[in-house]
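Residue numbers are given in the numbering used here: position 39 of the sequence shown equals residue 66, and the series is strictly consecutive.
Positions of the beta carbon are idealized from the N, C-alpha and C atoms, including for glycine.
Everything numeric in this text was worked out from a predicted model, so none of it was measured.
Single-structure report; data block below.
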Amino acid sequence: MLQIEDFGALSKIETPFYYYDIDLFRRTADLAASLSRETGIEIHYSVKANSDRRLIEMLSSRGFGADCVSGDEIVFAVDCGFRPESIMFAGVGKTDKEIFQALQMGIGSFNVESLEEIAIIGDLAGRLGRRVSITLRINPNIDPHTHHYITTGLYEDKFGISDVGFDGAVTLLRQFPNIDFYGLQFHIGSQIMDVEEVFRLECERVNEIVRIFEANGLTVRNIDLGGGLGVDYDEPDLHPIPELEKWLRTIDRHLVRRPDQKLHVEPGRAMVAQCGTLMTRVLYVKKGENRRFLIVDAGMNDLIRPALYGAYHKIENLSAHYGGGPARESRVYDVVGPVCESADTFGTQRLMEKSVRGDLIAIRSTGAYGQVMASHYNMRPLAPAVYSDRLSEGPRRKDYYSQQ
Ligand SMILES: Cc1ncc(COP(=O)(O)O)c(C=O)c1O
């Protein structure tokens with residue numbers, strides 16, 4: 028069950044909202060920082076996983092870099108304290124406007140995903156009279172054993188440059204005197220649980236590919252192994268902090284690096300998933316023909332992962348646990364939202380305490396790819412953030428664009 032110190036204060040806040048356990052987040056970030064110091068593997072937080080200002084300011088203040096995937100993410104990351112030179116700009120479809128903006132801001136490197144992009148960025152940088160640092164994103168054709176929607180490193184995925192493009196990339200990089208080749212980037216997928224096996228395989232393949240590029244006369248100054256570390260969605264209380272240690276030690280053991288070669292990873296989900304909970308309230312308990320529906324006030328517009336990926340999130344009735352009163356019997360429910368789509372379902376056939384209108388329900392492990400993927404579908408407002416250490420301040424609406 029989610030650990031809450033002040034259920035009374037929490038239960039007074041209007042739902043739905045994202046609740047962030049700041050103590051757990053701090054412990055996760057501190058562990059990542061200390062492992063990074065020990066192994067020499069730098070951490071670049073993948074901003075797309077959760078761009079809550081408070082959370083990412085806590086990461087920038089620990090000296091992490093950032094992995095950004097849009098011009099606005101870069102502007103926001105800098106506004107939240109990340110040094111521009113610690114920012115990598117990734118993504119298969121950067122616009123000219125975003126490229127110019129990133130060049131002007133002096134970001135660390137562009138992660139380039141196609142030969143065409145090398146030429147475009149080289150050309151645009153030339154027009155500004157600037158040098159530009161380029162990292163090649165490689166498609167290593169490795170199966171990460173995860174959901175096919177979040178697999179990114181197989182030949183059939185749209186990401187990265189695969190073997191057939193290596194020679195062309197080397198030739199192109201040489202044609203642009205204003206391009207500084209920085210290194211290679213890999214990201215094979217997300218929610219990887221088979222940590223030792225998959226990342227060992229990835230490292231072995233990366234070692235081969237680094238050798239190919241260096242044999243062609245390019246010095247790989249930086250290796251970026253992407254993110255992908257999975258979290259325990261089934262039992263978040265058993266594993267509140269993901270296996271950052273196993274992940275970084277596996278990489279440290281299997282990746283061949285020269286002393287002057289830099290290495291970084293880009294965790295997103297692993298940093299934030301477990302500290303977030305979507306809080307919602309029971310609106311109605313509806314008895315269907317052969318199902319009982321718990322209709323809650325959060326919808327797929329607040330959390331789309333179950334509808335999009337068939338993702339599993341643990342669901343708990345906090346009122347039954349913390350609200351006082353006698354122990355409740357169990358019931359099986361389909362937990363659904365109010366949005367006009369059958370896919371607006373958070374869980375089917377879940378065994379829970381008997382629930383009644385007004386009960387506070389926790390949808391666990393929603394700190395990553397939760398609030399950031401929210402929409403106004405059905406003209407519903409965006410769920411705000413509430414921080415465990417600032418309950419009395421109440422909800423805070425997101426302020427991505429406050430600097431513009
Ligand atoms: C290039 C890149 N790096 C890092 C990440 C972060 O992945 P995760 O949240 O699985 O750690 C992603 C996620 O899609 C990505 O595409």
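Inter-segment contact for the stretch 392 to 400 and the stretch 74 to 84 is present: three or more beta-carbon pairs are separated by less than 8 Å.
Judged by DSSP secondary structure, threonine 55 falls within the alpha helix (DSSP H) whose first and last residues are 49 to 66.
Relative to ligand 1, the beta carbon of leucine 256 is positioned inside 7 Å of a heavy atom. Under DSSP, arginine 154 takes part in no beta bridge, so it has no partner.
Per DSSP, the unbroken alpha helix (DSSP H) holding methionine 298 starts and ends at 296 to 299. Relative to ligand 1, even the nearest heavy atom lies 7 Å or more away from the CB of serine 415. Counting only unbroken stretches of 3 or more residues, the beta strand (DSSP E) elements lying wholly within the stretch 110 to 171 are 114 to 116, 136 to 139 and 159 to 164, in sequence order.
A contact between stretches requires three or more CB pairs, one per stretch, nearer than 8 Å, and the stretch 343 to 354 meets this requirement with the stretch 372 to 384. For the pair leucine 58 and isoleucine 206, the CB atoms are not nearer than the 8 Å cut-off. Of the heavy atoms belonging to ligand 1, at least one sits nearer than 7 Å to the Cβ of serine 73. Annotated as proximal: glutamate 368 and methionine 327, with beta-carbon spacing under 8 Å. For valine 258, no beta strand (DSSP E) encloses it, and the DSSP letter there is neither H nor E.
Around the C-beta of lysine 314, fewer than 16 other C-beta atoms lie within 10 Å, and the residue is accordingly described as exposed. For proline 294, the shortest C-beta to heavy atom distance toward ligand 1 is below 7 Å. Burial is judged here by how many other beta carbons sit within 10 angstroms of a residue's own beta carbon; arginine 154 has fewer than 16 and is exposed. Counting every other CB atom within 10 Å of its CB across the protein chains shown gives valine 362 a total of 16 or more, marking it as buried. Comparing alpha carbon positions, the residue from Gly257, Asp251 and Gly303 closest to leucine 330 is Gly303. Distance from the CA atom of glycine 195 to the CA atom of serine 88, rounded to whole angstroms, is 40 Å. Taking a 10 Å sphere around the C-beta of asparagine 166, we find 16 or more other C-beta atoms and assign the residue as buried.
Boundaries around arginine 308 are those of the beta strand (DSSP E), 303 to 314, since no alpha helix (DSSP H) includes it. A residue is called buried when at least 16 other Cβ atoms come within 10 angstroms of its Cβ; histidine 403 does not meet this threshold and is exposed. Here DSSP, grouped into helix, strand and coil, assigns aspartate 251 to strand. In its chain, beyond the 5 residues on either side, Ile40 and Val413 have a beta carbon closer than 8 Å to the beta carbon of glycine 421.
When only Cα atoms are considered, glutamate 356 and methionine 28 end up about 17 Å apart. DSSP places threonine 372 in the uninterrupted beta strand (DSSP E) bounded by 372 to 380. Between arginine 227 and histidine 281, the C-beta spacing is below 8 Å. Annotated three-state conformation of aspartate 386 is coil, per DSSP. Its chain contains Pro411 and Ala412 as the residues whose beta carbon lies nearer than 7 Å to that of arginine 423, once the 5 sequence neighbours on both sides are disregarded; these appear in chain order. Under a 10 Å Cβ-count criterion, tyrosine 311 is classified as exposed, with fewer than 16 other Cβ atoms of the shown protein chains found around its own Cβ.
Each of Asp324, Leu418, Lys289 and Glu316 was checked against the Cα of arginine 64, and the nearest Cα belongs to Lys289. At least one heavy atom of ligand 1 is found less than 7 Å from the C-beta of glutamine 218. The Cβ atoms of isoleucine 188 and glutamate 125 do not sit closer than 8 Å to each other. Look at the beta carbons and you see the stretch 235 to 244 not touching the stretch 269 to 276: under three pairs across the two are nearer than 8 Å. By the Cβ neighbour-count rule, arginine 157 is exposed, with fewer than 16 other Cβ atoms within 10 Å of its own. Excluding its 5 nearest sequence neighbours in each direction, valine 96 has C-beta neighbours in its own chain below 6 Å: Lys75, Ala117 and Gly118, listed in chain order.
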